[in-house]
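Asker: In case it helps, my numbering puts the sequence shown at residues 83 to 430. Every residue gets a Cβ at the ideal spot worked out from N, C-alpha and C, and that includes glycine. Got a structure for you, questions after.
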Amino acid sequence: MKQKFYNKFIILFVIIGVVLAGMLYNKYRTAGAPAQLTTVNENSDAAKAMEAIPAKGVPMATQTQGLQPLPYTMDGTTKVFHLTAEPIRWEIVKGTIATAWTYNGTVPGPLIHVTEGDNVRIIVKNELPEPTTIHWHGIQVPNNMDGIPDITQKPIQPGQSFTYEFVAKPAGTYWYHSHFNPDKQVSVGLSGAFIIDPPGGLNPKPDVDQVLMLNEWRIIDGQTYAAMPATGMDGNFFTINGKSYPETQQLNVKVGQLVRLRFIGTGQMIHPMHLHGFPFTIVATDGNDVPQSAQIMKDTVEVGPGERYDVQFTPDRPGKWLLHCHISHHTTNDHKDPGGLMMIINVT
Ligand SMILES: [Cu+2]
Numbered sequence: 083m084k085q086k087f088y089n090k091f092i093i094l095f096v097i098i099g100v101v102l103a104g105m106l107y108n109k110y111r112t113a114g115a116p117a118q119l120t121t122v123n124e125n126s127d128a129a130k131a132m133e134a135i136p137a138k139g140v141p142m143a144t145q146t147q148g149l150q151p152l153p154y155t156m157d158g159t160t161k162v163f164h165l166t167a168e169p170i171r172w173e174i175v176k177g178t179i180a181t182a183w184t185y186n187g188t189v190p191g192p193l194i195h196v197t198e199g200d201n202v203r204i205i206v207k208n209e210l211p212e213p214t215t216i217h218w219h220g221i222q223v224p225n226n227m228d229g230i231p232d233i234t235q236k237p238i239q240p241g242q243s244f245t246y247e248f249v250a251k252p253a254g255t256y257w258y259h260s261h262f263n264p265d266k267q268v269s270v271g272l273s274g275a276f277i278i279d280p281p282g283g284l285n286p287k288p289d290v291d292q293v294l295m296l297n298e299w300r301i302i303d304g305q306t307y308a309a310m311p312a313t314g315m316d317g318n319f320f321t322i323n324g325k326s327y328p329e330t331q332q333l334n335v336k337v338g339q340l341v342r343l344r345f346i347g348t349g350q351m352i353h354p355m356h357l358h359g360f361p362f363t364i365v366a367t368d369g370n371d372v373p374q375s376a377q378i379m380k381d382t383v384e385v386g387p388g389e390r391y392d393v394q395f396t397p398d399r400p401g402k403w404l405l406h407c408h409i410s411h412h413t414t415n416d417h418k419d420p421g422g423l424m425m426i427i428n429v430t
């Protein structure tokens, strides 16, 4: 009788032990598993990142082209610029409208164009539904102007402003972008170009000088999501300066003119950009001039996330010459070919 009681006790003890061990194992497995192996139920950050950008009450853009030169006022010797981070509905190709988070209502944001040594002040207002900051990618700013949330500054809360101030240096092709929740915020539009001219301008001066910002978008059933490669959230639209082909800008050039293209990789994918008709020379990388003895000629340049390549060429014969990404899926609009990262260089 006594023995039977002990047997039951031991069985109960083993069952409780197995259940407890299972619970502990599960807790340990979840904590240690790579993010993509946890389910949305287990990972509230994943669930939040995969939500659509709220579209309710977001107005249509009143402008149709990004990278417009940003006007400024002078305060003594300082150039004063204003940027407002705000949601806008942005048509990236006919019939496809993204709910974008923008600077001043355009994708990309405005072009800040100054000369090396200029004192600049940029007053940033946050009209987004979440905090943000701006990082001045590649510009040699003081640490407290670098825009890193909780490391160099407090995040700019919705409705609040922050003033960035620095000397623009050195000369080159740079860009600015959100550094708060960048996986989402940069993906859905929070970036713009920042060009610093050398004193006296470029020598030789290009006849045509064009910034080309490359990005990926995820738009499903009219809803915009952050395009996050390798998470199952791949992009299905691809843009040059906020537009997919055939809405990308056509660049008009004359035979014999010096053309400078400034590629900026703002998304999370590599885009090997290929020019038909003529090779080009890579004259600057990430804002730094390439010494003439080290310059190489190519017809395809891989533009990775965050990278800038300034390339120059002089067309010697007329035609509609294509410039496009050589990852063929990136020249489609939601799987429809042609589209995406394609534009025409029209040489006359
Ligand atoms: Cu590509």
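When DSSP labels each residue in this structure, what does F95 get in the three-state scheme?
Answerer: On the sequence shown, position 13 is the one that residue 95 refers to. Three-state DSSP puts F95 in a helix.
Asker: Return the chain-ordered ranges of every beta strand (DSSP E) run that is complete within the segment 213 to 258 and spans a minimum of 3 residues.
Answerer: Those beta strand (DSSP E) runs which fall completely within the segment 213 to 258 and span 3+ residues are 216 to 219 and 243 to 249.
Asker: Check whether the Cβ atoms of H358 and F320 sit closer than 9 angstroms, and answer yes or no.
Answerer: Counting from one through the sequence shown, the residue named residue 358 turns up at place 276. Counting from one through the sequence shown, the residue named residue 320 turns up at place 238. Not a contact, by the Cβ cut-off of 9 angstroms.
Asker: Please look up how many angstroms separate the CB atoms of A275 and P190, rounded, as I've assumed it's under 8 angstroms.
Answerer: As a working mapping, residue 275 is identified with position 193 in the sequence shown. As a working mapping, residue 190 is identified with position 108 in the sequence shown. Contact flag correct, Cβ pair sits at about 7 angstroms.
Asker: Grouping DSSP H, G and I as helix and E and B as strand, with all else coil, what is D416?
Answerer: Numbered from its first residue, the sequence shown carries residue 416 at position 334. It is coil, neither helix nor strand.
Asker: Could you check what DSSP says for D265 in three-state terms: helix, strand or coil?
Answerer: The residue given as residue 265 occupies position 183 in the sequence shown. Here D265 sits in helix by DSSP.
Asker: Just reading off the beta strand (DSSP E) that K130 is part of, what are its end residues?
Answerer: As a first step, residue 130 must be located in the sequence shown, where it is residue number 48. K130 -> not in any beta strand (DSSP E); alpha helix (DSSP H) instead, spanning S126 to A131.
Asker: Please confirm whether any heavy atom of ligand 1 lies closer than 8 angstroms to the CB of I352.
Answerer: Counting from one through the sequence shown, the residue named residue 352 turns up at place 270. For ligand 1, at least one heavy atom lies less than 8 angstroms from the Cβ of I352.
Asker: Can you grab the Cα-Cα spacing for the pair C407 / V249, in whole Å?
Answerer: Counting from 1 along the sequence shown, the entry for residue 407 is found at position 325. Counting from 1 along the sequence shown, the entry for residue 249 is found at position 167. Spanning the two alpha carbons is a distance of roughly 35 angstroms.
Asker: Would the segment 317 to 332 and the segment 224 to 234 be scored as touching if the rule is three or more Cβ pairs under 8 angstroms?
Answerer: Verdict: no, contact absent.
Asker: How would you call D392, buried or exposed, if buried means at least 16 neighbouring beta carbons within 10 angstroms?
Answerer: Indexing the sequence shown from 1 puts residue 392 at position 310. By the neighbour-count rule (16 or more Cβ atoms within 10 Å), D392 is buried.
Asker: I'd like to confirm something about I322: is its beta-carbon nearer than 8 angstroms to some heavy atom of ligand 1, or not?
Answerer: Taking the first residue of the sequence shown as position 1, residue 322 is located at position 240. Result no, Cβ not under 8 angstroms from ligand 1.
Asker: Less than 8 angstroms between the CB of L343 and some heavy atom of ligand 1, yes or no?
Answerer: Mapped onto the sequence shown, residue 343 falls at position 261. No.
Asker: Suppose the cutoff is 7 angstroms on Cβ atoms and the five residues either side in sequence are ignored; what does the same chain contact list for Q242 look like?
Answerer: As a working note, residue 242 is residue 160 in the sequence shown. N208.
Asker: Answer yes if the segment 398 to 417 comes into contact with the segment 363 to 374, meaning at least three C-beta pairs across the two stretches below 8 angstroms, and no otherwise.
Answerer: With the cut-off at 8 angstroms, the segment 363 to 374 and the segment 398 to 417 do not touch.
Asker: Under three-state DSSP, which class holds V101?
Answerer: Here residue 101 is taken as the residue at index 19 of the sequence shown, counted from 1. Helix, per DSSP.
Asker: Report the residue from T363, G324 and Q292 whose alpha carbon sits nearest the alpha carbon of K176.
Answerer: Residue mapping note: residue 176 aligns to position 94 of the sequence shown, counting from 1. Cα-wise, what sits closest to K176 is G324.
Asker: Whole-angstrom Cβ separation of G56 and D419, contact assumed at under 8 angstroms?
Answerer: It is not possible to answer for residue 56, since the shown part of the chain is limited to 83 through 430.
Asker: Report the option in N334, I409 and I238 whose CA atom is closest to the CA atom of V429.
Answerer: By one-based count along the sequence shown, residue 429 stands at place 347. Cα-wise, what sits closest to V429 is N334.
Asker: Please find out if some non-hydrogen atom of ligand 1 comes closer than 8 angstroms to the beta-carbon of L296.
Answerer: The residue you call residue 296 lines up with position 214 of the sequence shown. L296 Cβ: within cutoff of ligand 1.
Asker: Could you check what DSSP says for N323 in three-state terms: helix, strand or coil?
Answerer: Mapped onto the sequence shown, residue 323 falls at position 241. Coil at N323, not helix or strand.
Asker: Should E133 go down as buried or exposed, given a rule of 16 or more other Cβ atoms within 10 Å for buried?
Answerer: Numbered from its first residue, the sequence shown carries residue 133 at position 51. So E133 ends up on the exposed side.
Asker: Just the Cα atoms here: how many angstroms apart are P136 and R171?
Answerer: Locating residue 136 in the sequence shown gives position 54, counting from the first residue. Locating residue 171 in the sequence shown gives position 89, counting from the first residue. Rounded to the nearest angstrom, the two C-alpha atoms are 11 angstroms apart.
Asker: May I ask you to check if the CB of I174 is nearer than 8 angstroms to at least one heavy atom of ligand 1?
Answerer: Within the sequence shown, numbered from 1, the residue matching residue 174 stands at position 92. No, since every heavy atom of ligand 1 falls outside the 8 angstroms radius drawn around the Cβ of I174.
Asker: When every heavy atom of ligand 1 is checked, does at least one fall within less than 8 angstroms of the C-beta of I346?
Answerer: The residue you call residue 346 lines up with position 264 of the sequence shown. No, the Cβ of I346 stays beyond 8 angstroms of every heavy atom of ligand 1.
Asker: So, using beta-carbon positions, are L294 and R344 closer together than 9 angstroms?
Answerer: Residue mapping note: residue 294 aligns to position 212 of the sequence shown, counting from 1. Residue mapping note: residue 344 aligns to position 262 of the sequence shown, counting from 1. Contact flag set, yes.
Asker: Following the continuous beta strand (DSSP E) through M355, name the residue where it begins and the one where it ends.
Answerer: Position 273 of the sequence shown, counting from 1, holds the residue named residue 355. That run of the beta strand (DSSP E) goes H353 to L357.
Asker: Among all the DSSP beta bridges, which residues are the ones paired with A309?
Answerer: Within the sequence shown, residue 309 is the residue found at index 227, counting from 1. Answer is none; A309 lacks a bridge partner.
Asker: On the three-state DSSP scale, how would you describe E185?
Answerer: For the purposes of this step, residue 185 is identified with residue 103 of the sequence shown, where counting begins at 1. This sequence places Tyr at residue 185; Glu is not what is there. DSSP places Y185 in strand when its eight states are reduced to three.
Asker: Less than 9 angstroms between the C-beta atoms of T255 and A376, yes or no?
Answerer: Looking up residue 255 in the sequence shown gives position 173. Looking up residue 376 in the sequence shown gives position 294. No, Cβ-Cβ distance for T255 and A376 is not below 9 angstroms.
Asker: One question on the structure: do M310 and A131 come within less than 9 angstroms of each other, judged by their Cβ atoms?
Answerer: Taking the sequence shown and counting its residues from 1, one reaches residue 310 at position 228. Taking the sequence shown and counting its residues from 1, one reaches residue 131 at position 49. Cβ atoms of M310 and A131: closer than 9 angstroms.
Asker: Using only the alpha-carbon positions, how far apart do E168 and T197 sit?
Answerer: Residue numbering aside, residue 168 sits at position 86 when the sequence shown is read from its first letter. Residue numbering aside, residue 197 sits at position 115 when the sequence shown is read from its first letter. Each residue's alpha carbon lies about 28 angstroms from the other.
Asker: Since H259 contacts H195 with CB under 8 angstroms, what's their CB separation in whole angstroms?
Answerer: Start at 1 with the first residue of the sequence shown, and residue 259 comes out as number 177. Start at 1 with the first residue of the sequence shown, and residue 195 comes out as number 113. So it is not a contact: roughly 17 angstroms between Cβ atoms.
Asker: Below 8 angstroms, is the gap between the Cβ of L423 and the nearest heavy atom of ligand 1?
Answerer: Walking along the sequence shown from the start, residue 423 turns up at place 341. Answer for L423: yes, Cβ within range of ligand 1.
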